[in-house]
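Everything below concerns the one structure shown next.
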Amino acid sequence: MRLAALIPSIPAELVSYLDKCGIRTDTDLLFKPVIEVYRQLPPGFITLHDLEKAVARVAELASAPGISGADMLSLEKEVHDRAPILLSGVESIDNLLGGFGGRRVVEISGDRQSGKTALALNIVIRYLAEFSDAKVLWIDTTGDFSVEQAAHLLESFQTEAASTALERLQISLAFDIETAYNVLGELQFPMNLYAPTADLRTDPFVFDLGKQLFRAFITLPYLCPPEVINNTTFTNPSNLQSTNVSGARKPALGPSFTFLTDATLWLAKPREHMAQDHDHDLGYTVRSAEVLRSKTTEAI
-3 MRLAALIPSI
7 PAELVSYLDK
17 CGIRTDTDLL
27 FKPVIEVYRQ
37 LPPGFITLHD
47 LEKAVARVAE
57 LASAPGISGA
67 DMLSLEKEVH
77 DRAPILLSGV
87 ESIDNLLGGF
97 GGRRVVEISG
107 DRQSGKTALA
117 LNIVIRYLAE
127 FSDAKVLWID
137 TTGDFSVEQA
147 AHLLESFQTE
157 AASTALERLQ
167 ISLAFDIETA
177 YNVLGELQFP
187 MNLYAPTADL
197 RTDPFVFDLG
207 KQLFRAFITL
217 PYLCPPEVIN
227 NTTFTNPSNL
237 QSTNVSGARK
247 PALGPSFTFL
257 TDATLWLAKP
267 REHMAQDHDH
277 DLGYTVRSAE
287 VLRSKTTEAI
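Numbering (the working numbering), first residue to last: -3 to 296.
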């Protein structure tokens, strides 16, 4: 959590000085000894006692409130009922994953030119074209988002909401972690996620992962359903029927990345002997989609 989001619960001037010291999030502050932080601040700006009180306040605000299991179940059902309906339009994939909405992180991975961005964009455009009050944030970390492609996809939807879809699609460029933090800091999310009076409406965002920025977004399923396009993931499948049976590709973002997502959808071009069975003059391309790992699979 950005410390700037906690103003005025903690003084804005303190947040400004901490930012100059490279302390910008609750994690930065809470995992440093208070005396070390104190020594980095200007002499006479704040007493050690007041700094300790500010750190304690940050810890309080950053902590999840206590809640009974019954109340949490009730709120989870309410969030689930109000979650956006995100579908790809490919019935078998939608049935297998139970759609792409809800409070989950869905990772779309695959080799280059395998259709990752095309699939994510199709999900987004379909959602925007169906619901006139829907909004989507697309965080582009590679600079290759194509608004022309989005406009082309919209031509397939003859709905009233489609006419304003591009107005409700926000594209933000973020090539480093600080820029990404600033983009998310501009979003107005409820601070108390379990408060009965909190606004539980959520809209999705797409995170085009070009580098190891994902760590900053692991709490976002509680706020909006993210779809992560991962351009740097490799896989080593044990399924002999896999399109990547060679097993030449391996994890590239570290061993912990696997545990940060709820489902991984792997896109690939068909193997050569499979591709020969298709007529390439039909005007479309063929891609395979495999669910490599899922905590959310509802049907087979």
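Here a beta-carbon is modelled for each residue, glycine too, at the ideal position from N, C-alpha and C.
The three-state secondary structure of D258, taken from DSSP, is coil. In summary, P80 is buried, with 16 or more beta-carbon neighbours lying within 10 Å of its beta-carbon over all protein chains present. One alpha carbon belongs to V132, the other to K112, and they sit about 17 angstroms apart. According to the DSSP secondary-structure assignment, L263 is paired through a beta bridge with G106 and A285. With a cutoff of 8 angstroms on beta-carbon distance, W134 and F141 are scored as near each other. When the five nearest sequence neighbours on each side are left out, the beta carbons in the same chain lying within less than 8 angstroms of the beta carbon of V30 are those of L44, L47, E48 and V51, in order along the chain. Unbroken beta strand (DSSP E) stretches of 3 residues or longer found wholly inside the stretch 8 to 64: none. Under the Cβ criterion (8 angstroms, minimum of three pairs), the stretch 86 to 98 does not count as touching the stretch 22 to 42.
Under the DSSP assignment, S5 falls outside any beta strand (DSSP E); it carries neither an H nor an E label. Of all alpha-carbon atoms in K291, L83 and L10, the one lying nearest the alpha-carbon of V120 is that of L83. Judged by DSSP secondary structure, L115 falls outside any beta strand (DSSP E) and instead within the alpha helix (DSSP H) spanning K112 to E126. In the displayed model, V75 falls within a helix according to three-state DSSP.
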